[in-house]
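Asks: Here the sequence shown stands for residues 26 to 437, numbered as in this note's numbering.
Idealized CB from N, CA, C, for every residue including glycine.
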Amino acid sequence: MRSAHLLRSAVLGLTSHKSRSFLTILGIVIGITAIILIMSLGRGAENLILGEIQSIGSKVIGIAPGRQPQGPADVISTFTDSLKERDYEALSNRNNVPHATKVMPIVFGSQTASYGNETYRPTILGGTPSALAIYDVYPEDGRMFTDEEVRGYADVAVIGREVESELFGGSSSLGERIRIKGRNFRIVGVLPKVGQVSFLNFDQILFVPYTTAQQYIFGIKYFHRFAVEADSEENVEITVADIEATLRESHGITDPDKDDFFVETQADAMEMVGTILSVLTMFLVSVAAISLVVGGIGIMNIMLVSVTERTHEIGLRKALGATEKNILSQFLLEAVILTVVGGVIGILLGGLFSYATSFVLTRFVGLNWGFSLPLSAVLLGLGVSSGIGLVFGLYPARQAAKKSPIEALRYE
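(1) Looking at P90: is its Cβ nearer than 7 Å to the Cβ of L108?
(2) Just list the residues that DSSP pairs V222 with in beta bridges.
(3) Kindly provide the ranges of any beta strand (DSSP E) runs that are 3 or more residues long and lie completely inside the segment 103-189, ordered along the chain.
(4) From the DSSP output, in three-state form, read off L231 for me.
(5) If you check the beta carbons only, do L192 and G167 fall under 7 Å apart?
(6) Are the CB atoms of R208 and D172 within a distance shorter than 7 Å?
(7) List the whole-angstrom C-beta distance separating G6 from S383, where the pair is believed to meet the contact cut-off of C-beta under 8 Å.
(8) Answer with buried or exposed for V85, where buried requires no fewer than 16 other C-beta atoms within 10 angstroms of its C-beta.
(9) Checking the sheet assignment: what are the DSSP bridge partners for T290?
(10) Roughly how many angstroms separate the alpha carbons of A344 and S331, rounded to a whole number?
(11) What residue range does the alpha helix (DSSP H) around A252 cover?
(12) Answer yes or no: do L231 and P164 have a C-beta to C-beta separation smaller than 7 Å?
(13) Alpha carbon to alpha carbon, how far is V318 from S190? Give it in angstroms, no decimals.
(14) Helix, strand or coil: how does DSSP classify F396 here?
(15) Within the same chain, show all residues whose beta-carbon is closer than 6 Å to that of A425, passing over the 5 residues directly before and after it, in chain order.
(16) Ordered along the chain, which non-local residues of its own chain (more than five positions away) have a Cβ less than 7 Å from that of I149?
(17) Could you tell me the distance, in whole angstroms, from the CA atom of R111 to the CA atom of V310?
(18) Any contact of the segment 136-145 with the segment 262-274, i.e. 3+ C-beta pairs under 8 Å?
(19) Could you check which residue in S303, G220, T153 and L62 has the C-alpha nearest to that of R388?
(20) Rounding to the nearest angstrom, what Cα-Cα distance links D282 and I268 in this structure?
(21) For a test of the three-state rule: what should DSSP assign to G195, helix, strand or coil?
(22) Are the beta-carbon atoms of P399 and M328 separated by less than 7 Å?
(23) For E306, is the classification buried or exposed, using 16 other Cβ atoms within 10 angstroms of its Cβ as the cut-off for buried?
(24) Tell me, which residues are paired with I203 by DSSP?
(25) Going by beta carbon distance, what residues of the same chain come within less than 8 Å of A314, once the five residues before and after it are set aside?
(26) Note the first and the last residue of the continuous alpha helix (DSSP H) segment covering Q355.
(27) Find out if the Cβ-Cβ distance for the pair G151, Y235 is shorter than 7 Å.
(28) Bridge partners for V261 per DSSP, in chain order?
(29) Between S401 and the rest of its own chain, which residues show a CB-CB distance below 8 Å, the 5 nearest in sequence each way excluded?
(30) Restricting to Cα atoms, I'd like to know which of L419, K427 and I413 is closest to G52.
(31) Just checking my contact of I88 with R250 at CB under 8 Å: how many whole Å lie between their CB atoms?
(32) Considering only DSSP beta bridges, list what V215 is partnered with.
(33) Can you list, in chain order, the residues of its chain with a C-beta nearer than 7 Å to that of L419? Leave out the 5 residues immediately preceding and following it.
(34) Considering only C-alpha positions, which residue in the set A115, I324, R423 and I245 is nearest to D106?
(35) Whole angstroms is fine: what's the gap from T348's alpha carbon to V312's?
(36) Using the Cα positions of T126 and A158, report the straight-line distance between them to the nearest angstrom.
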């Protein structure tokens with residue numbers, strides 16, 4: 026039997042029951058759509074997060090309290106108070122970390138700010154005047170607060186455009202005072218409208234001296250993070266080693282396994298994020314693949330019904346000279362066509378839903394979420410759908426091929 030005739034016979038057999046064929050492939054369509062959607066959104070999330078990390082700069086080193094998270098239980102340890110003022114002073118000493126050009130303590134949280142009858146809850150970031158420089162963000166109106174104001178626990182603030190809009194409407198906020206936890210903060214600068222930059226929405230931020238934030242807003246005597254900028258990318262690794270040695274000496278730690286802090290470079294962060302997202306994506310893909318197994322069983326069931334219905338046809342074909350291989354090939358091809366068509370429809374739907382999701386996240390949520398449809402997802406969808414057709418179509422095809430032509434012709 027020629028390939029063209031074999032294909033034509035298989036298509037004719039499927040199109041004779043269009044509704045049944047469509048319902049048969051529905052499970053494959055749903056499964057492949059879910060896989061494509063998950064892999065596409067996973068790649069989009071990875072690109073977004075890695076882009077945000079890269080925007081900070083490869084010379085910036087992050088220091089966080091607690092152990093480096095290796096699992097869900099370790100995340101809680103990052104909310105400790107192990108980073109203190111003495112650590113800031115030690116890291117700022119050029120004898121300890123000679124290649125550090127900036128050492129920036131960071132505290133953050135959220136509190137309600139009010140002006141007149143208007144209230145707004147911004148993200149409050151406490152730091153030094155140079156903290157925003159690592160994000161390449163500077164006041165568009167007014168100025169940044171000074172080191173003297175940091176040392177003097179000054180009640181001054183630099184705010185984002187959304188904070189200004191919510192509290193002051195269309196009026197200028199420079200020189201005005203907003204109230205936070207019973208204290209009046211004078212606005213000395215307003216940031217440009219820049220939106221989301223490296224996990225921070227600078228339009229919704231209220232930036233104050235870290236001393237003021239610790240003493241009067243959060244009531245703490247520790248830091249949530251340190252950011253250290255090395256003088257060059259080549260000196261990042263040696264700067265990391267100097268930071269670890271300095272903090273261990275400051276904390277009286279002799280065993281590195283007992284560190285109550287962890288240091289991360291941008292390369293470390295990117296590698297960790299990439300690994301976590303890849304594992305999570307594969308897990309979700311595995312869950313979605315369960316529907317493909319269900320769809321494959323449905324195809325096997327329908328193909329067995331089709332073999333029974335077409336018993337007389339099989340007998341007639343064998344009587345006219347068709348071999349077992351011809352019958353096996355035809356029914357196996359029918360199963361593969363069903364699953365491949367379902368796979369193609371699933372790929373198209375998955376890509377469409379992924380594009381729609383990225384459009385919504387970009388247009389209405391404000392995330393810089395780029396649409397991404399990995400070639401590996403398309404190839405996986407086609408490969409899996411074809412494989413399911415072969416695996417779950419083989420048994421019905423063999424049953425059809427084994428039928429005796431005489432008994433098949435007698436079948437009513």
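Replies: Short version:
(1) yes
(2) L225
(3) 125-135, 138-140, 143-145, 148-152 and 181-184
(4) strand
(5) no
(6) no
(7) Residue 6 is absent from the structure shown; the chain starts at 26 and stops at 437.
(8) By the 16-neighbour rule on beta-carbons within 10 angstroms, V85 is buried.
(9) I86
(10) 19 Å
(11) No alpha helix (DSSP H) holds A252; the beta strand (DSSP E) holding it covers R250 to A255.
(12) no
(13) 54 Å
(14) coil
(15) V332, I339, I352 and F356
(16) F133, G134, S135, Q136, L231, V233, A238 and I242
(17) 48 Å
(18) no
(19) G220
(20) 16 Å
(21) coil
(22) no
(23) A small correction: the amino acid at residue 306 is Thr; Glu does not occupy that position in the sequence shown. When all chains shown are included, T306 counts as buried.
(24) Answer is F210.
(25) The answer, listed in chain order, is G56, I60 and V409.
(26) Counting along the chain, the alpha helix (DSSP H) containing Q355 begins and ends at E349 to V385.
(27) Their beta carbons are under 7 Å apart, which means G151 touches Y235 by this criterion.
(28) None, per the DSSP bridge assignment.
(29) M64
(30) Nearest option by C-alpha distance: I413.
(31) About 7 Å separates the two Cβ atoms, so the contact holds.
(32) D166 and I184
(33) Closer than 7 Å at the Cβ level, and outside the excluded window around L419, lie L357.
(34) I245
(35) 41 Å
(36) 12 Å
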